[in-house]
Amino acid sequence: MAKTRELCKDIRDRIVDLHKAGMGYRTIGKQLVEKATTVGAIIRKWKKFKMTANLPWSGAPYNISPRGASMIMRKVRDQPRTTRQDLVNDLKRAGTTVSKKTISNTLRRHGLKSFSACKVPLLKPAPVQARLKFAIDHLNDPEEEWEKVMWFDETKIELFGLNSTRRVWRKKKYDEYNPKNTIPTVTHGGGNIILWGCFSAKGTRQLHHIEGRMDGAMYREILANNLLPSNGDIMLGGIFSFHTSWNDRQDTYRQKPLPLECTSLNFRDFQFAQAMLFAIEEINNSTDVLPGISLGYKIYDACGSIARSVRVALALTNGNEVLSALTEAPCTRPAQVQAIMGETSSSPCMAISTVIGPFHIPMISHFATCACLSDKTKYPSFLRTIPSDYYQSRALAHLVKHFGWTWVGAIRTNDDYGNNGMATFTETAQKLGICLEYSVSFFRTDPPDKIQKIIEIIKASTSMVIVAFLSLMDIDLLIQELSHHNLTGYQWVGSEGWIFDSQIAAMDRHHILDGAIGLSIPKAHVSGMRDFMLDVKLLNSSSNEMFPEFWETLFSCKFKQSKSSAGNQRECTGHEDLTGVQNSFTDMSLMPIFNNLYKGVYAVAHALHNILSCNKTCNNKMQLDPFTILQHIKKIQFKTKEGDEVYFNENGDPAAKYEIINWQPTKHGIVDFVTVGLYDASLPADKQLHLHNKSVIWAQNSQQVPLSVCSEKCPPGTRKVLQKGKPVCCYDCLRCAEGEISNITDSITCVRCHSEFWSNERRDACVKKEAEFLSYEEIMGALLTAASLFGTCITAVVAFIFFRYRKTPIVRANNSELSFLLLFSLTLCFLCSLTFIGRPSEWSCMLRHTAFGITFVLCISCVLGKTIVVLMAFKARLPGSNVMKFFGPTQQKLSVVGFTLIQVIICILWLTISPPFPFKNFKEFKDKIILECALGSAVGFWAVLGYIGLLAILCFILAFLARKLPDNFNEAKFITFSMLIFCAVWITFIPAYVSSPGKFSVAVEIFAILASSFGLLFCIFIPKCYIILLKPEKNTKSNIMGKTAPKSF
C-alpha cells in the first residue's frame, strides 16, 4: 500500500486557528480541501499535546505501520478464514515485508485469536427455518417415535490437498457459529470423494459413494437402497417395483447419467413385499423351521427398470461397498443375502439371473412366467413358484381350439414375457389349425402413435377373438385406448398376467373385457396373511423413506411437511385407519401370487433347515455357501400349513395347474370371476383340459359361443381349397369329385372310394357299385335266352322232321348222317349262348368260349363236309371219275372229327396256358362294376375265332364253286347263302364286340352266335322242310335227279 501524504506544519496550524475561531470539522475540511477525519485527528492531537508537530515513537518502531495494521484487520474481519500467509502476501504487495509471526502478534495486539473453524451444512435460510421448526415440533416426542427416524449425512474427503482442520480469526468464543466463522460443507466437489451414511435406532447402514453432484434423485435412490432393512442371522433379499415408471431425461453422454427419478407408486408390489415379510415373520416365530435362527431381509425398489434391477441385485450380493481397484485383499467374503425373492416380471429376472447366476445365488420369482427362464444353461440359479408360460401358452391354444375359434388376433407385451409366451402360443396354434390374423406388440412406454396403429389394426380385422398376452400395466393402457374408440364386442382370451386382477375389471368401465376367458393361478388361502398385509404399522416403523409417499397415496392425504402438499387435500396424521379404504392395496384378489411368495420364502427356509441340520436347535456356526443352498432348494419337497405341496422340477418350475376363469358381470356392475374349468398339464393330453358344466358368459353378455373364423366350415362332401395369398384358415369349399368323398367337416382332401364303391350324391359316403352283367332277369337277357331256346326248339323240330322223313329222297340225297350231326351241332350252338348269360364264374368263363369254339367248328365242319360231298358227287358223275371212293361216308366223318379235333387242341392249349377267368371291370363305367370274363390269353381267343373263320371261308369258297352244278336241289347254293350270312355276321361282330361296353359286348357275341346259327339253320334246312311238308310231290328221286337248267343268282 502506498504511504499517504503528510500535511505541512502551516496547514496544521491553520486548522487549529480555524477551530479556535469556532468552525466545525466539516467546514474546515471544505475550506482547506481536506478530509473531515484528518481535520478531527489534528485538532484532537492539539488538544491533547498543545502542539501540531509530529512526535517521535517511543521504543522500537513496529514493522507494520498503523495503516498496514488497519488493512489486515479489515481483511480478517471480512474473511475470518484468511490465513497468515495470505496476509503476508498482501503486505508484501504493499511494500512491507514481514513474517507470519509478526502477523500473529499484530492480530493478537488488536484482540483477535485463532480458533478451529466449525463445519456446518451449506444451507439456505428456508431449510434452516424448516429444520428449526422440525426440532421444535418434535421436541417432546416419545422414544418409540424416534425409533422410526433415520439420520443421515455426507462428508467430503479431499483427494488432493489437506484434510486437516481449518482455522479462523475471531474475538469471542460464542461467535463460533457465525456464518463467517464456519466452513460450509457441500455434496459436490472436484478433487475429492463424498460418502453418504445413515443410522437409526436399529443400527448403522453402509456407506455409499456419491458420484457427481448430489441432487434429489440421487437422494431418493440411496434411500430406496436402504428400504425396509431388518437384521437377522441369515439375510434374504427382495427386489420389487414399488414404482412402475420413471421420469425421462436426456443424457448428454458427457458425464455419468443421474439416478432414475421413480414415479407412479405401485401398491401391488407393496403387497408382494408384505407377503414376503409375513412369511419371514411366521418362520421367525416358528419352532418347527429354523429354530433359534432369525431371518432378516433387505428389500430394494427396482422402479420398473431392468438396469436398476441389476444394480440392486448386485447391491444385495456384494453389499454395495466402494472398494479401491488397487486393493490386494481377496474378494472371498460371503454374499450379503443367501437368496433373492423377486422380481415380478420376466425381463428383469432374466437380466438379474444372468448376472448372479455365476455366483449360484438362488433367485425365486413369484410371477415371472417366461418359458425361456427354464433354460438352466442360461439361468442356472433361477427358480419360481409359478408355472412356466410354456404350459400356459399351450393351454390357451387348446382353449381357443376347444371353442372352434380358428381366426384370432393376438396382442402381447413387447418384453420377454409377452414375446416368448406368444411365440409358444403361435407354434401350438398352428399345429391345431388356428390362424392369427394379426400379432402386434407394444410396451407401456411406447409413443401414442404406436398404440393408435394397434387400434386401427383391430378395427380393420375380421376376427372376433383377441388373445392378450399382456402385463397388468399394459392391459390398463390398452383398455383406456379401446374405450376412447368404443371397441366393444370382442371376445378376449387372457393370460394369468391380468385375467384375475380385480383392479383391471374395476377400471373397465366401458365393459370392453366383459365375458373374457383365460387362465389363472388356482385360488389359494393363507391363514393370517390378509390381516398381516393390512397392518400398515409395519411399514411405518421400518425407517422406510417411501412411507410418506405410500401413506399419502393410500389415504389420499398430505403430510404437513410434504413438498407436494395441496390445499384441497386433508393433512395426514400417520394414524389413519384402512377401514373403508378400497383400492389395490386392500384388494386381495392376487392371493394366489402372494401364496407363491409365501412358498418361495418357505422353500429357502426348508433348504436352510436341512443345511444347518436343525432339530431343536440349528448349527449357526456353519458357513453358508450359495451353491449348497441352491442345490438344497432344488431338492426340497414339503407341504405348507394349508396343504399345498411345494417342489421344483429339473427346470426349477412347479407343477403346471390353471383355473379357467370367466368374467361374468353382475347386476351391480361388478365383475365376478367364475371358475368354469381346469387345466392340469400333468394329466394325459386328452384329459388336460376340463370344462365344468357351467354356463359361460361371452362378450356382450351373450349365451352363445362367438364365431371367429375366416371361412365357414366346409360340410362333409367338400374339401378346403386355400385362398391365394391368405393364411391356411381362409379357404373355399369345393365339392368332391365323382368317386371321392369327405365324411368329416373341414376336410382338407377328398378320399377316393374303393374300386368296388362309388360316391353318393352328397359325396359324403361310399356306396357299393352296382354289379352289371347280362342276367336272365333283364329284358335283353330274357330275349336272348328266348331266342336261344327258340332256335334250339326249331332245330329240334327240324331234326324231328328229318328223322320222320329220313327215308325220303330229299333227306337221303343230302347225306342224312351229316345233316343230323349238323342239326346236333346247331342245337349245341344255340344252347352254348346260354353260358354267356348270368353272373360270370370260373367255370362259365372257361365253358362259354370253348363250347362256342368247338360247337361252331363242329357245325362248320359238317357244312364243309356236305359241301365237299356235293362237289365230289357231281365230279364223280363225270366219265372215268373215281373221286367218291376217296370221300365216302367214313372219310366224311373223319374230316368232321379232324377239323373239330384241331379246335379242341387249340382250346385245351388256351385253357392250360391262360384260361379265361371272371373279371371285374371298373374302367368301363365309373359307378358300375362290369362283371365279365377276361380272355386270359387274347391269342387263344383270336386263334379260336380265326380257325372258325378259316373253315367258314373255305366252306364259302367251295359252296360258291358248286352253286351252278346241275341238280333240281342243289344244296351248295343254300350253303353258299348260309356261309355268306355267317361271314357277314362275324365280320360285323368284331368291331361291334370291341366297341360295345360292358354287358353289351356279351350281348353282341350272343347275337352273333344266334344269328349265324339261325342263318345256317334257315338256309340249309328250311327249304328242305318246306319241300318235305308242303311240296311232297317234289320229294321224289326223279324230281331230285331231274335235269333242269339252274338259275343263276
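With this note's numbering, letter number 1048 in the sequence shown gets 1061, and the count goes up by one each step, no holes. Backbone N, C-alpha and C fix where the C-beta goes; we use that ideal spot for every residue, glycine too.
Limits of the alpha helix (DSSP H) - the one that D968 falls within = Looking up residue 968 in the sequence shown gives position 955. Correcting the residue identity first, residue 968 is Cys in this sequence and not Asp. Looking at the DSSP string, the run of the alpha helix (DSSP H) that includes C968 is 951 to 974.
Where D26 and T65 are concerned, what is the direct C-alpha to C-alpha distance, given to the nearest angstrom?
-> Here the question's residue 26 lines up with position 13 in the sequence shown. Here the question's residue 65 lines up with position 52 in the sequence shown. So the alpha carbons of these two residues sit roughly 7 angstroms apart.
Work out the CA separation of A328 and G174 for me, nearest whole Å.
-> Indexing the sequence shown from 1 puts residue 174 at position 161. Indexing the sequence shown from 1 puts residue 328 at position 315. Its pLDDT being 44, under 50, G174 is placed unreliably by the model, and nothing is read from it.
Would you kindly check if the distance between the Cβ of G355 and the Cβ of T257 is under 7 angstroms?
-> Within the sequence shown, the letter at position 244 stands for residue 257. Within the sequence shown, the letter at position 342 stands for residue 355. Their beta carbons are not under 7 angstroms apart, which means T257 does not touch G355 by this criterion.
For S846 versus L1023, is the C-beta spacing smaller than 7 angstroms?
-> Within the sequence shown, numbered from 1, the residue matching residue 846 stands at position 833. Within the sequence shown, numbered from 1, the residue matching residue 1023 stands at position 1010. Their beta carbons are under 7 angstroms apart, which means S846 touches L1023 by this criterion.
So, using beta-carbon positions, are I961 and F849 closer together than 7 angstroms?
-> Counted from its first residue, the sequence shown places residue 961 at position 948. Counted from its first residue, the sequence shown places residue 849 at position 836. No. Outside cutoff.
Alpha-carbon to alpha-carbon, R321 and P272 = Translated into positions along the sequence shown, residue 272 becomes position 259. Translated into positions along the sequence shown, residue 321 becomes position 308. For P272 and R321, the distance between alpha carbons rounds to 9 angstroms.
Of the choices F456, E785, A442, E469, whose alpha-carbon is the least far from that of F938?
-> To locate residue 938, count along the sequence shown from 1; it is residue 925. Put simply, of F456, E785, A442, E469 the residue whose alpha carbon is nearest the alpha carbon of F938 is E785.
Whole-Å CB distance - Y358 paired with S484, under 8 angstroms assumed | The residue you call residue 358 lines up with position 345 of the sequence shown. The residue you call residue 484 lines up with position 471 of the sequence shown. For the record, residue 358 in the displayed sequence is Ser; it is not Tyr. Indeed, because the Cβ distance is near 7 angstroms, the residues count as touching under 8 angstroms.
What residue does the beta strand (DSSP E) around E1106 start on, and which one ends it?
-> This structure leaves residue 1106 out entirely; the chain is present only between 14 and 1062.
If you measure from the CB of I673, is any heavy atom of the ligand ADP nearer than 6 angstroms?
-> Ligands are entirely absent from the displayed structure, and the ligand ADP is therefore not among its contents.
Which of the three DSSP states, helix, strand or coil, is assigned to H256?
-> By 1-based counting over the sequence shown, the position of residue 256 is 243. Looking at H256 - three-state DSSP - the assignment turns out to be strand.
4 or more residues per run - each alpha helix (DSSP H) lying fully within the region 726 to 787 | With a minimum length of 4 residues, no continuous alpha helix (DSSP H) run stays inside the region 726 to 787.
Mind checking which residues open and close the alpha helix (DSSP H) that includes H497?
-> For this step, residue 497 is matched to residue 484 along the sequence shown. First-last of the alpha helix (DSSP H) with H497: 485 to 498.
Report yes if the C-beta distance between S908 and G878 is below 7 angstroms; otherwise report no.
-> Sequence index remark: in the sequence shown, residue 908 carries index 895 (1-based). Sequence index remark: in the sequence shown, residue 878 carries index 865 (1-based). A contact, by the Cβ cut-off of 7 angstroms.
Return the Cβ separation of A537 and N608 in integer angstroms, given the expectation that the two are a contact with Cβ distance under 8 angstroms.
-> For the purposes of this step, residue 537 is identified with residue 524 of the sequence shown, where counting begins at 1. For the purposes of this step, residue 608 is identified with residue 595 of the sequence shown, where counting begins at 1. The pair is a contact, with the Cβ atoms about 4 angstroms apart (cut-off 8 angstroms).
Residue interval of the alpha helix (DSSP H) (run including E469) = As a position in the sequence shown, residue 469 is number 456, starting the count at 1. That run of the alpha helix (DSSP H) goes 461 to 473.
E589 - DSSP class collapsed to helix/strand/coil | Counting from 1 along the sequence shown, the entry for residue 589 is found at position 576. Correct three-state label for E589: coil.
Sort out for me which residues DSSP pairs S452 with in a bridge.
-> Position 439 of the sequence shown, counting from 1, holds the residue named residue 452. Looking at the DSSP assignment, S452 forms a beta bridge with A423.
Considering S277, what are the terminal residues of the beta strand (DSSP E) in which it resides?
-> Here the question's residue 277 lines up with position 264 in the sequence shown. Going by DSSP, S277 is part of the beta strand (DSSP E) stretching over 275 to 278.
Quick one, are the C-beta atoms of K88 and T95 less than 7 angstroms apart?
-> Taking the sequence shown and counting its residues from 1, the one referred to as residue 88 is at position 75. Taking the sequence shown and counting its residues from 1, the one referred to as residue 95 is at position 82. Contact: yes.
Minimum length 4: unbroken alpha helix (DSSP H) runs contained in the region 615 to 681 = 639 to 648
Residue range of the unbroken beta strand (DSSP E) whose run includes V687 | If you number the sequence shown from 1, residue 687 lands on position 674. Unbroken beta strand (DSSP E) run through V687: 684 to 693.
Just the Cα atoms here: how many angstroms apart are F285 and L603?
-> Within the sequence shown, the letter at position 272 stands for residue 285. Within the sequence shown, the letter at position 590 stands for residue 603. The C-alpha of L603 is placed about 9 angstroms away from the C-alpha of F285.
How many Å lie between F572 and R324 at the Cα?
-> Numbered from its first residue, the sequence shown carries residue 572 at position 559. Numbered from its first residue, the sequence shown carries residue 324 at position 311. Rounded to the nearest angstrom, the two C-alpha atoms are 31 angstroms apart.
Would you kindly work out how many angstroms separate the C-alpha atoms of T501 and G531, rounded to a whole number?
-> Taking the sequence shown and counting its residues from 1, the one referred to as residue 501 is at position 488. Taking the sequence shown and counting its residues from 1, the one referred to as residue 531 is at position 518. Their Cα atoms are separated by approximately 18 angstroms.
Cβ of I823 within 7 angstroms of Cβ of K1037?
-> Here residue 823 is taken as the residue at index 810 of the sequence shown, counted from 1. Here residue 1037 is taken as the residue at index 1024 of the sequence shown, counted from 1. Yes, they are a contact pair.
Can you list, in chain order, the residues of its chain whose CB lies under 8 angstroms from that of C448, leaving out five sequence neighbours each side?
-> Against the sequence shown, residue 448 aligns to sequence position 435. Once the five neighbours on either side are set aside, the close Cβ partners of C448 are T419, W420, V421, A442, C723, P740, V741, C742, C743.
Reduced DSSP category for P155 - H, G, I as helix; E, B as strand; rest coil = The residue you call residue 155 lines up with position 142 of the sequence shown. If DSSP states are grouped into helix, strand and coil, P155 belongs with coil.
Where do the ends of the beta strand (DSSP E) carrying R397 lie?
-> Along the sequence shown, one-based indexing puts residue 397 at 384. Looking at the DSSP string, the run of the beta strand (DSSP E) that includes R397 is 395 to 397.
H32 burial status per 10 Å Cβ neighbour count (16 or more: buried) = One-based indexing of the sequence shown puts residue 32 at position 19. Result: buried.
Nearest-angstrom Cα separation, counted from F837 out to L1042 | As a first step, residue 1042 is located in the sequence shown; it is residue number 1029 there, counting from the start. As a first step, residue 837 is located in the sequence shown; it is residue number 824 there, counting from the start. Each residue's Cα considered, the two are about 21 angstroms apart.
Just tell me which of I873, R765, M520, V368 has its CA closest to the CA of M486.
-> The residue given as residue 486 occupies position 473 in the sequence shown. Measuring from the Cα of M486, the nearest candidate turns out to be M520.
Would DSSP call K126 helix, strand or coil?
-> As a first step, residue 126 is located in the sequence shown; it is residue number 113 there, counting from the start. Strand, per DSSP.
Rank K654, S360, Q504, F813 by C-alpha distance to the C-alpha of S540 and give the top, closest one.
-> What you label residue 540 is simply residue 527 of the sequence shown in a count that begins at 1. Considering only K654, S360, Q504, F813, the residue with the shortest C-alpha distance to S540 is K654.
Inter-residue Cα distance where the pair is L570 and K311 | As a first step, residue 570 is located in the sequence shown; it is residue number 557 there, counting from the start. As a first step, residue 311 is located in the sequence shown; it is residue number 298 there, counting from the start. Position check: residue 570 holds Cys in this sequence, whereas Leu was assumed. Approximately 28 angstroms, taken between the alpha carbons.
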